[in-house]
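Encoded as structure tokens, the structure appears first; notes follow it.
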Amino acid sequence: MPRAKRGFKARRRRNRLLKHASGFRGKRKNCHAIANESVQHAWMHMYRSRKVRKRDFRSLWIQRINAAARALGISYSKLMGKLSGGAIGLNRKMLAEIAISDPVAFQKIVAA
């Protein structure tokens, strides 16, 4: 019986992995063992960064709202307290966008 070396399946699996490693530097892009480790780390960083991106954007929105609110003489915490108690249902993302693109509308929101 001839020796079976898993030729096609193994090659397909390795090529799939090396495709993910294209663009890496040095042996990381063409040596299977090193590329495997690099791709695993890259996927780990990608997973973590998707979570961190949400935190970063929320803090960016808060900074933008705070800057626009302080220009109108009110702090961020006072503004958010007013908005949560009132009937205005805008989230931080929408408030930050309004503060940048339409300062007059933001001023009316703060005054309300």
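Per the numbering used here: the sequence shown = residues 1460 to 1571. Ideal Cβ placement from N, Cα and C applies to all residues, glycine included. Every value quoted in this text rests on a predicted model; they were computed, and no experiment measured them.
Compare the Cα-Cα distances from residue i to each of the options and report the closest residue.
i     : options             : result
K1513 : N1474, G1544, R1551 : R1551
I1533 : I1568, W1502, I1547 : I1568
Go through its chain and collect everything with a Cβ distance to residue i's Cβ below 7 Å, but skip five positions before and after it.
i     : result
R1403 : This structure cannot settle anything about residue 1403, because the visible part of the chain is limited to 1460 through 1571.
Answer yes or no: do residue i and residue j have a C-beta to C-beta separation smaller than 8 Å?
i     : j     : result
I1521 : A1558 : no
P1562 : A1527 : yes
L1519 : A1494 : no
Q1566 : L1542 : no
I1547 : A1570 : no
Report the three-state DSSP secondary structure of residue i (helix, strand or coil).
i     : result
A1570 : helix
S1536 : helix
L1542 : helix
D1515 : helix
A1480 : coil
P1461 : coil
Identify, in the order they occur along the chain, each residue of the same chain with its Cβ nearer than 8 Å to the Cβ of residue i, setting aside the five sequence neighbours on each side.
i     : result
S1497 : A1480, F1483, R1487
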